[in-house]
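J.:
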Amino acid sequence: MHSPADPPYSTHASTPMSPHFDALFSPRSVAVIGASDNPNKVGGRPIHYLNRFGFAGKVYPVNPGRAEIQGHRAYASVAEIGAVPDAVVIAVAGDATLAQVRQCSALGVKAAVVMASGFGETGAAGRERQAALVAAANAGGMRLVGPNAQGTANFASGAVLNFSTMFMEVAPADGPIAIISQSGAASVMPYALLRQAGFGVRYLVATGNDADLDACAMAEAVAADPAIRVILVYLETLSDPERLAAAAAVARARGAHVVALKSGSSRRGAVAAASHTGALVGNDAAIDAFLARHGIWRARDMNEFIRATPLYLQGHDPAAGRTVVMSHSGAVGVMAADLAERAALPLAELAPATRAGLAAILPEFGSVNNPLDMTAALLGKGDMFPRVLDVLGGDPQADMVMIGIPVAGPGYDVPALARDAAAFLAEHAKPLVVSAPQQDVRAAFAAHGIPAFTTEADAIGALAQYAAHRQLGGAGERLLPAARTWDGSGLLDEHASLALLAGHGVPVVAHRQCASADEAVAAFAALGGGTVAVKGCAAGVPHKSEHGLVRLRLADAAGVRAAAGACLGKLAELGEAAPRVVVARMVKGTHEFALGVTVDAALGPLVMIGEGGTLLELRQDIVTLLAPFSADEARAACRRLRVAPLFDGYRDVPALDLDALAAAAVALGDFALAYRTSLRAVDINPLMVMPAGQGVVAVDAVVEMR
Numbered sequence: 002m003h004s005p006a007d008p009p010y011s012t013h014a015s016t017p018m019s020p021h022f023d024a025l026f027s028p029r030s031v032a033v034i035g036a037s038d039n040p041n042k043v044g045g046r047p048i049h050y051l052n053r054f055g056f057a058g059k060v061y062p063v064n065p066g067r068a069e070i071q072g073h074r075a076y077a078s079v080a081e082i083g084a085v086p087d088a089v090v091i092a093v094a095g096d097a098t099l100a101q102v103r104q105c106s107a108l109g110v111k112a113a114v115v116m117a118s119g120f121g122e123t124g125a126a127g128r129e130r131q132a133a134l135v136a137a138a139n140a141g142g143m144r145l146v147g148p149n150a151q152g153t154a155n156f157a158s159g160a161v162l163n164f165s166t167m168f169m170e171v172a173p174a175d176g177p178i179a180i181i182s183q184s185g186a187a188s189v190m191p192y193a194l195l196r197q198a199g200f201g202v203r204y205l206v207a208t209g210n211d212a213d214l215d216a217c218a219m220a221e222a223v224a225a226d227p228a229i230r231v232i233l234v235y236l237e238t239l240s241d242p243e244r245l246a247a248a249a250a251v252a253r254a255r256g257a258h259v260v261a262l263k264s265g266s267s268r269r270g271a272v273a274a275a276s277h278t279g280a281l282v283g284n285d286a287a288i289d290a291f292l293a294r295h296g297i298w299r300a301r302d303m304n305e306f307i308r309a310t311p312l313y314l315q316g317h318d319p320a321a322g323r324t325v326v327m328s329h330s331g332a333v334g335v336m337a338a339d340l341a342e343r344a345a346l347p348l349a350e351l352a353p354a355t356r357a358g359l360a361a362i363l364p365e366f367g368s369v370n371n372p373l374d375m376t377a378a379l380l381g382k383g384d385m386f387p388r389v390l391d392v393l394g395g396d397p398q399a400d401m402v403m404i405g406i407p408v409a410g411p412g413y414d415v416p417a418l419a420r421d422a423a424a425f426l427a428e429h430a431k432p433l434v435v436s437a438p439q440q441d442v443r444a445a446f447a448a449h450g451i452p453a454f455t456t457e458a459d460a461i462g463a464l465a466q467y468a469a470h471r472q473l474g475g476a477g478e479r480l481l482p483a484a485r486t487w488d489g490s491g492l493l494d495e496h497a498s499l500a501l502l503a504g505h506g507v508p509v510v511a512h513r514q515c516a517s518a519d520e521a522v523a524a525f526a527a528l529g530g531g532t533v534a535v536k537g538c539a540a541g542v543p544h545k546s547e548h549g550l551v552r553l554r555l556a557d558a559a560g561v562r563a564a565a566g567a568c569l570g571k572l573a574e575l576g577e578a579a580p581r582v583v584v585a586r587m588v589k590g591t592h593e594f595a596l597g598v599t600v601d602a603a604l605g606p607l608v609m610i611g612e613g614g615t616l617l618e619l620r621q622d623i624v625t626l627l628a629p630f631s632a633d634e635a636r637a638a639c640r641r642l643r644v645a646p647l648f649d650g651y652r653d654v655p656a657l658d659l660d661a662l663a664a665a666a667v668a669l670g671d672f673a674l675a676y677r678t679s680l681r682a683v684d685i686n687p688l689m690v691m692p693a694g695q696g697v698v699a700v701d702a703v704v705e706m707r
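Just so you know, we're using my numbering here: the sequence shown kicks off at 2 and counts up by one.
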């Protein structure tokens, strides 16, 4: 990724924030408690930065052992200053921090950055000290960043209340980017990469323990600044989902984008072993679903975190994301096409008129198909490149363009190529990127504002991310129903589970619950004969097949009687005081799917849709959605399954009833949302999906309440 160094940018733009955020980002005065004359000490570095980076307000060093620090009069305590600073930096040892917080809060200081460690990150005792710290601050209306915080920075105002050494090594410049992080290192890594690529960064915040003003609140605050076009958020925990969602909504409303790098992927949110869904999904899937719902792109590594930044800043419409790859190397074109397929980035199908126009420009041994091969003839035909771009500009499917320049040297007029690309960009406003291994080639294009990448992989990856992110959109406000309570807890048996789900719109198999073999025979007759299944029904035995409690394809009364007797006897042997069986009509679907629910404590019910059957855990072909969601969203999610071609029919298999599957998923999500405070998990497996127009049927289900 490359762009011009230090692009001109309007500095000191202001935006209304709450008084606490204004105190941090645009203070009129700052006190540094634990101030040092040495800029390489934690208590000295913020003063050095305030002096160096243009802070126009008053600086009050607080250190009882010094009369002057770094050119400013020093004070023995905050109380001796004679004025109330807007913000304070507290850079004293952890055991002295509480007294300073109390003093500042009592004086009416609005916000403090607490750099000391030894609080919530150290265990239970540290969490108690941290709670006392926040309580003392909030008692006087003061808000905290930290503790264990690297600090905040607004490079437009020069208010750098931060002790990172990075700003000594990589000079700041104001720009349309904000970086919010729960980690100090993870805040300055993207900062350094972006600055070295020539991008300005306005806000940089490392919140540490997130005890009070957390990363999500900071993201919401900086999203209000109309100059910010990209907000990069590094999270280790999702501390306040509603604030992050609000930040994304504010940004999205004015065309800005939020990218999140969430570390610590795990399955710690998996529910009890009785639920397959919890074990399959885990809470990381809930994070994915939450971020996607709110139009936040989830990056998987630091490169992806910043890679598409120049495209976000340009803001050109990627439409459907159909991309044209062009190069004077056939190999680059083929590699880029492979990369595009892996990234699910569609290549444009060029119109016949476009191909005819290209054929008139390119040599006979070139390729007028996508990817385009301009061949080495580009070396001797200076007008070829702009003419090709001009033809592509008129193609209705050419939504984005990737230009590969694997080699350039004497004979290649790189400045002219860059000017031609810039002219195309100015006329058509379509996302356009360049890949080139030579730094001087990238610099030539970047000087014209064209995103330039070292490799085809990064160029294609940036386009794919940008197009997919723009298509995420973002959810509007969704009203949640009042939560219903459930009397009881633990697992429900199969009959109770099916009945509960049927009452909320999930189609279930016709069945009867029976307490004796005679009742089972009567149920067989009531279900109209045919073939039935007899299964043991007990909440305490959720995995019936492991105990021989599932008998299938029974077609006569004698078989039903024998199966019921055996299952009732086995349940009694297992300690069930009132054994029951379920007699259910056998249903044969075209394909077996599964639906499930797990409830994330912070984000709510997560619905899983996947290929079902006994190999569910092995195949793990699943998608997840946060409730509530629409049938359209459910259909789109199903289309991401590996078995999605089955929805359109495959060989001699008829098309599956995708609409019915989506409707069942919506009904399950609505049920889970209604019981979100009581429900732990739901497993429906198998869900028989019939040919299109014939519906779906839940054959087995387990509901677990908290």
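Where is the CB? At the ideal position from N, CA and C, for every residue including glycine.
Can you tell me which of A668, A212, Y50, M167 puts its alpha carbon nearest to the alpha carbon of L501?
T.: A668
J.: Give the DSSP-derived three-state secondary structure of F291 in the structure shown.
T.: Helix.
J.: Within the stretch 486–538, note down every full alpha helix (DSSP H) run reaching 4 residues or more, in order along the chain.
T.: 495–503, 518–527
J.: Going straight from the alpha carbon of C217 to that of V189, what length do you get?
T.: C217 and V189: Cα-Cα distance of roughly 18 angstroms.
J.: Relative to the C-alpha of A338, which residue among A565, E457, A534 is closest?
T.: E457
J.: In chain order, what residues of the same chain have a beta carbon less than 6 angstroms from the beta carbon of A559, not counting five sequence neighbours either side?
T.: none
J.: If we require 4 or more residues per run, which alpha helix (DSSP H) segments fall completely within the stretch 428–454?
T.: 440–447
J.: How would you write the range of the beta strand (DSSP E) that R586 sits in, first residue to last?
T.: 581–586
J.: When the distance is taken between beta carbons, is V697 closer than 9 angstroms to V690?
T.: yes
J.: Assuming D634 is part of the alpha helix (DSSP H), what are its boundary residues?
T.: Checking the displayed sequence, the identity of residue 634 turns out to be Glu instead of Asp. Start and end: 632–639.
J.: Measure from the C-beta of A224 to each C-beta in chain D and report whether the shortest distance is under 9 angstroms.
T.: Protein chain content of the structure displayed is limited to a single chain, and chain D is not contained in it.
J.: Going by the CB atoms, is the gap between G475 and G296 shorter than 9 angstroms?
T.: yes
J.: Around the Cβ of L619, are there at least 16 other Cβ atoms within 10 angstroms (buried) or fewer (exposed)?
T.: exposed
J.: Touching or not, the stretch 66–77 and the stretch 95–113, by the rule of three or more beta carbon pairs under 8 angstroms?
T.: no
J.: Use the C-beta contact count for F366: other C-beta atoms within 10 angstroms, 16 or more gives buried, fewer gives exposed.
T.: exposed
J.: Mind checking whether L314 and V223 have CB atoms under 9 angstroms apart?
T.: no
J.: Which residues bound the beta strand (DSSP E) around G45?
T.: Premise fails: G45 is in no beta strand (DSSP E) and is neither H nor E.
J.: Going by alpha carbons, who is nearest to V402 out of A409, P372, Y413, V415?
T.: P372
J.: Determine the DSSP secondary structure at Y676, reduced to helix, strand or coil.
T.: coil
J.: Cα separation between I180 and I406?
T.: The straight-line gap separating the alpha-carbon atoms of I180 and I406 is approximately 32 angstroms.
J.: Just list the residues that DSSP pairs K59 with in beta bridges.
T.: S30
J.: Buried or exposed: which applies to S498, given that a residue is buried once 16 or more other Cβ atoms fall within 10 Å of its Cβ?
T.: Counting of Cβ neighbours within 10 angstroms places S498 among the buried residues, the total reaching 16 or more.
J.: For F594 and M2, which I take to be in contact (beta-carbon distance under 8 angstroms), what is that distance rounded to the nearest angstrom?
T.: Contact doesn't hold; Cβ gap of about 42 angstroms is too wide.
J.: Please classify V704 as buried or exposed, where buried requires at least 16 other C-beta atoms within 10 Å of its C-beta.
T.: V704 is buried by the Cβ-count criterion.
J.: Report the residue from V389, A174, A125 whose alpha carbon sits nearest the alpha carbon of T355.
T.: V389
J.: Ignore the nearest five residues each way along the sequence and tell me which others in G44's own chain have a CB closer than 6 angstroms to its CB.
T.: G35, A36, S37, A92
J.: Going by DSSP in three states, M143 sits in which element: helix, strand or coil?
T.: In the displayed model, M143 falls within coil according to three-state DSSP, outside both helix and strand.
J.: Pull up the DSSP beta-bridge partners for R103, would you.
T.: DSSP output for R103 lists no bridge partner at all.
J.: Can you list, in chain order, the residues of its chain with a C-beta nearer than 7 angstroms to that of S140? Leave out the 5 residues immediately preceding and following it.
T.: Before going further, note that residue 140 is Ala rather than Ser in the sequence given. Counting only Cβ-Cβ distances below 7 angstroms, and skipping sequence neighbours, we find S106.
J.: Is the beta carbon of P606 sitting closer than 9 angstroms to the one on L688?
T.: no
J.: What residue range does the beta strand (DSSP E) around R552 cover?
T.: Annotation: the continuous beta strand (DSSP E) that includes R552 extends over 551–555.
J.: What does DSSP give as the partner residue(s) for R299 in the beta ladder?
T.: A261
J.: Where in the stretch 198–259 do unbroken runs of the alpha helix (DSSP H), each at least 4 residues long, occur, reported from the N-terminal end onward?
T.: 216–224, 242–254
J.: Scan the stretch 643–694 and note each continuous alpha helix (DSSP H) run of 4 residues or more that stays entirely inside, going in chain order.
T.: Complete alpha helix (DSSP H) runs here, min 4: 659–675.
J.: Counting C-beta neighbours from all protein chains within 10 Å, is the total for S165 16 or more, i.e. buried, or is it exposed?
T.: Only buried fits S165, as 16 or more other CB atoms lie within 10 angstroms of its CB.
J.: Hey, out of Y61, G159, E69, A132, whose CA is closest to S27's CA?
T.: Between S27 and the set Y61, G159, E69, A132, the nearest pair of CA atoms involves G159.
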